[in-house]
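Per our numbering, the very first residue in the sequence shown carries number 442; after that it's consecutive.
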Amino acid sequence: MSTAKKEIKKVTTQTFQKMKQNGEKIAMLTGYDFSMAKILDAAKIDAILVGDSASNVIAGHETTLPITLDQMIYHASSVVRAVDRALVVVDLPFGSYQANSTEALRSAIKIMKESGAHAVKLEGGKEVEDSIKRILTAGIPVMGHLGLTPQSIYKFGTYTVRAKEEMEAQKLIEDAKLLEKLGCFGIVLEKIPAHLAKQVSESVSIPTIGIGAGPHCDGQILVLHDLLGITKEFHPRFLRRYLSLFDTIKDAISSYIDDVKSVDFPNEKEQY
Ligand code: KIV
């Protein structure tokens, strides 16, 4: 009997490219910790985004702005330790790349070195061109993020659909083409009209990953805690919930509390 371990075919940024060329949709989810990342990888998710949405779903902040570079590294390194197959992309958090391209490069290098992740993501188009160029020059793969960019929430004022007006839609198309030209390996399109996401996806050769951007993107991403129903109060139209884990977990914990109070737990078999 052979004891050789079956070699796992890792997903890379080149795989992303091939999937787009072959018309194979890319399935991405966010992940922030070791245990969940193990499950995501076992299920054969193509890529895990260690999103700065950790600021909301893990830390309980109202926005993504407070999360720090070191906190992102903590989450990303936990995910990386769990993963054998999936591509791991990490968000550069607010304030770690906007000041200038030198700081952006320093942040990207720190994240890659200390977390072991495979790529970084950052929000914006033309306004972060120099930072993207600089990071790419260091050999770090970059994913762009256009449309609703939550790090700019105080500029937009709301989390509603972006680029409904012609001028904003035109800028988004130009930004997508710029990100492709600079050498990004993919672009997240968040909360934009489906027809615009289709147009963008057809105009660039790199994959687009949609969240609230319709079916024509080359892949889809959701926040894991939303898909699992761990978060309850968030009901955007684009979200499909596959479980109601908040209630399932709450019920399990209530049963445990009852068992402890009634001295049903631990029983004879559950002791030494
Ligand atoms: O931080 C995040 O979870 C994201 C996704 C919504 C794309 O950026």
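Heads up, the beta-carbon is just placed ideally off N, CA and C, and yes, glycines get one too. What you are looking at is a predicted structure, and each value in this text was computed from that prediction instead of being measured.
Can you pull the DSSP bridge partners for residue i?
i	result
T471	L490
V629	H586 and I650
Q640	According to DSSP, which records beta bridges pairwise, Q640 is partnered with nothing at all.
Q661	A468 and G651
G565	H586
When every heavy atom of the ligand KIV is checked, does at least one fall within less than 7 Å of the C-beta of residue i?
i	result
T672	no
T599	no
I662	yes
V629	yes
G580	no
L510	no
T543	no
H586	yes
G651	no
G472	no
D493	yes
T454	no
T504	no
L490	yes
D532	yes
Just how far apart, CA to CA, sit residue i and residue j?
i	j	result
T471	E555	19 Å
L680	G501	20 Å
V531	I449	22 Å
A527	L481	8 Å
V529	H559	5 Å
G653	A638	10 Å
S537	D699	47 Å
K650	S695	Sequence inspection shows Ile at residue 650; the Lys mentioned does not correspond to that position. Roughly 39 Å separates the two Cα atoms.
A438	S642	The structure shown has nothing for residue 438, since the chain only spans 442 to 713.
P634	D688	33 Å
I614	D525	35 Å
L620	I573	8 Å
D692	F706	16 Å
C658	K461	10 Å
S548	D511	10 Å
V704	Y697	10 Å
G670	H676	10 Å
T453	E711	45 Å
H636	L630	12 Å
V569	Q539	7 Å
T590	K447	40 Å
K673	Q455	36 Å
I628	Q458	12 Å
M553	G624	18 Å
Y515	L563	18 Å
Spatial neighbours of residue i within its chain, please: C-beta separation below 7 Å, excluding the five flanking residues on both sides.
i	result
L546	R575, I576 and A579
L665	L470, T471, G472 and M477
K618	S644 and V645
A468	I486, D487, G660 and Q661
Starting from the C-beta of residue i, find all residues in its chain whose C-beta is less than 6 Å away, skip the five residues before and the five after it, and write them out in chain order.
i	result
A517	V491, V531, S556 and A558
D493	T505, I508, D532 and P534
In its own chain, which residues sit with a C-beta less than 8 Å from the C-beta of residue i, not counting the 5 before and 5 after it?
i	result
I489	M469, L470, T471, G472, A478, L481, D482, V520, V524, A527, L528, V529 and V530
T543	R575
G566	G585, L587, K612, L613, E615, D616, A617, L619 and L620
F475	S519, V520, R522 and A523
E609	R603
Quiz item: Can you list, in chain order, the stretches of the alpha helix (DSSP H) that have 4 or more residues and sit fully within the segment 663-700?
Solution: 665-668
Practice problem: Identify every run of the alpha helix (DSSP H) within the segment 582-611, keeping only runs that are complete inside it and at least 4 residues long; order them along the chain. | Solution: 594-597
Quiz item: What are the uninterrupted segments assigned as alpha helix (DSSP H) that are 4 or more residues long and contained completely in the segment 478-563, given in chain order?
Solution: 495-498, 510-523 and 542-556
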